[in-house]
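In the working numbering, the protein residues as written are 1 to 154.
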């Protein structure tokens, strides 16, 4: 009896992209489709990304782990070589490969969501259910932020 790798089973039927340009384009498209700002997952040197539309399972592989400092939230976030999640509109859950530094400890992030119908806050949760919210604009690139602020003022 052959053993099936659970990761491979999760990825069955996936749409997969390879290479930095294609993966970057696909990841920005996916974040936009899900309702997230494009700056929320600033992964570097992506090599592979994929999505299984039937289950919502996604993954993104980069050459090496990457740490990013979000100045607007004063948060340091570390992204592993591979980041995975199950996605649906305005939510990423069962996330792996993402952690944030709080005081002196690295804390894993297992969920990210935008609960507010107007999308003003983005909430990050740990596996223990402890969460923290930030303005969605904190993770927007300048072009996105300008467009968002124009719509809010109207």
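Glycine is no exception: its CB is placed at the ideal position from the N, C-alpha and C atoms.
Where residue i falls: helix, strand or coil (DSSP)
{"i": "residue 139", "result": "helix"}
{"i": "residue 43", "result": "coil"}
{"i": "residue 82", "result": "strand"}
{"i": "residue 27", "result": "helix"}
{"i": "residue 20", "result": "helix"}
{"i": "residue 105", "result": "strand"}
{"i": "residue 54", "result": "coil"}
{"i": "residue 91", "result": "strand"}
{"i": "residue 147", "result": "helix"}
{"i": "residue 243", "result": "This structure cannot speak to residue 243, because the chain is shown only from 1 to 154."}
{"i": "residue 9", "result": "helix"}
Backbone CA spacing between residue i and residue j [nearest angstrom]
{"i": "residue 46", "j": "residue 63", "result": "6 Å"}
{"i": "residue 56", "j": "residue 17", "result": "16 Å"}
{"i": "residue 44", "j": "residue 51", "result": "18 Å"}
{"i": "residue 1", "j": "residue 53", "result": "Confidence at residue 1 is low in this model, with a pLDDT of 49, below 50, so the placement of that residue should be treated as unreliable; the coordinate-derived value is given next. Those two C-alpha atoms are separated by around 29 Å."}
{"i": "residue 27", "j": "residue 34", "result": "11 Å"}
{"i": "residue 148", "j": "residue 39", "result": "14 Å"}
{"i": "residue 77", "j": "residue 11", "result": "26 Å"}
{"i": "residue 101", "j": "residue 41", "result": "16 Å"}
Beta carbon of residue i nearer than 8 Å to that of residue j
{"i": "residue 113", "j": "residue 91", "result": "yes"}
{"i": "residue 37", "j": "residue 143", "result": "no"}
{"i": "residue 82", "j": "residue 106", "result": "no"}
Paired residues, beta bridge with residue i - DSSP
{"i": "residue 133", "result": "123"}
{"i": "residue 66", "result": "79"}
{"i": "residue 96", "result": "84"}
{"i": "residue 48", "result": "18 and 61"}
Q. Between the stretch 125 to 145 and the stretch 56 to 75, do three or more beta carbon pairs fall short of 8 Å?
A. These segments touch.
Q: Could you tell me whether the stretch 95 to 113 touches the stretch 76 to 87, using the rule of 3 or more Cβ pairs below 8 Å?
A: These segments touch.
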